[in-house]
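Numbering (my numbering), first residue to last: 20 to 261.
Cβ coordinates follow ideal geometry from the N, Cα and C atoms, glycine included.
In what follows, a structure is listed as structure tokens, so that the remarks can point back to it.
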Ligand code: SF4
């Protein structure tokens, strides 16, 4: 790198360049924001060792170490021994999960069980654009399910699944595509949506824009087609998006 060249994010190190264009923040993966005191001690010790300037609890339920030097990043990750959080790039970000039925008295469904199963399978998966998922145990929606690409909400008669939400520059409330589902059925629906988006959306096209183009009814019909028979519908939806 030339001496005065401004630094950029380093994808392979999960490192986000800071406003000074010199130091970096990293965000280890803490699925659902659930961790323990040993991990917190390790974060603190590694932060101290490498002169971390600030610790930030992020909106994605991670704990970021801010103000690290580029030359230390590899050693920081090695010392932490925690998977990198998918905080940047076109991929599935950490799944946001509310405390759910084991802890919250208002919960109707097991948001943690479903959310962690989704996180295990999809966290970091490359997709046409960034992809956010929120799983809430009841309609209070503490995981902001209505403004996620896929939002899941527990209700008295099962889970509700919403798609196409966005809280960014062009806010959009997600459309409800399914209600009264079990956790297993939710996982199948999530798989259908992500597979379709991966194969039929254009690079850079957020799921909300994809839905605006092909229509929510296309998605609703697609998830009802049995697995193994979705190929033709996928091709037709791809053509609608071209
Ligand atoms: S969404 Fe409902 S179940 Fe989850 S933390 Fe909020 S109030 Fe509790």
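query: In chain order, what residues of the same chain lie with their CB nearer than 7 Å to the CB of residue 75, ignoring the 5 residues before and after it?
result: Its chain contains 83 and 85 as the residues whose beta carbon lies nearer than 7 Å to that of residue 75, once the 5 sequence neighbours on both sides are disregarded; these appear in chain order.
- request: Starting from residue 170, follow its DSSP beta bridges and name the residues at the other end.
  value: The partner list for residue 170 (beta bridge, DSSP) reads 153 and 181.
field: Neighbourhood of residue 37 by C-beta, 8 Å cutoff - its chain only, sequence neighbours within 5 removed
entry: Correct list, in chain order: 43, 44, 85 and 86.
Alpha-carbon to alpha-carbon, residue 99 and residue 56: Computed Cα separation, rounded: 14 Å.
- prompt: Identify the residues that DSSP records as bridge partners of residue 145: which are they?
  reply: 110.
- request: Check each candidate in 133, 185, 115 and 191 and name the one with the smallest Cα separation from residue 210.
  value: The shortest C-alpha to C-alpha distance from residue 210 to any of 133, 185, 115 and 191 is the one to 133.
- request: Output the distance between the C-alpha atoms of residue 131 and residue 105, rounded to the nearest integer angstrom.
  value: If you draw a straight line from the Cα of residue 131 to the Cα of residue 105, it is about 19 Å long.
- request: Have a look at residue 139 and residue 123 and give me their C-alpha separation to the nearest angstrom.
  value: For the pair residue 139 and residue 123, the Cα-to-Cα distance works out to about 23 Å.
Those residues which DSSP pairs with residue 140 across a bridge: For residue 140, no pairing in a beta bridge is given by DSSP.
field: Among 121, 148 and 26, the one whose alpha carbon lies nearest that of residue 225
entry: If we check each option's Cα against that of residue 225, 148 comes out closest.
query: Buried or exposed: which applies to residue 164, given that a residue is buried once 16 or more other Cβ atoms fall within 10 Å of its Cβ?
result: Around the beta carbon of residue 164, a 10 Å sphere encloses 16 or more other beta carbons of the protein chains shown; the residue is thus reported as buried.
- prompt: The beta strand (DSSP E) spanning residue 198 covers which residue range?
  reply: Here the beta strand (DSSP E) through residue 198 covers 194-200.
message: Using CA atoms only, rank isn't needed, just tell me which of 51, 141, 184 and 88 is closest to residue 65.
response: Nearest of 51, 141, 184 and 88 to residue 65, Cα basis: 88.
- prompt: Do residue 259 and residue 233 have their C-beta atoms within less than 8 Å of each other?
  reply: Between residue 259 and residue 233, the C-beta gap is smaller than 8 Å, which places the two residues in contact.
message: I'd like to confirm the pairing. Which residues does DSSP put opposite residue 82 in its beta bridges?
response: Paired residues: 76.
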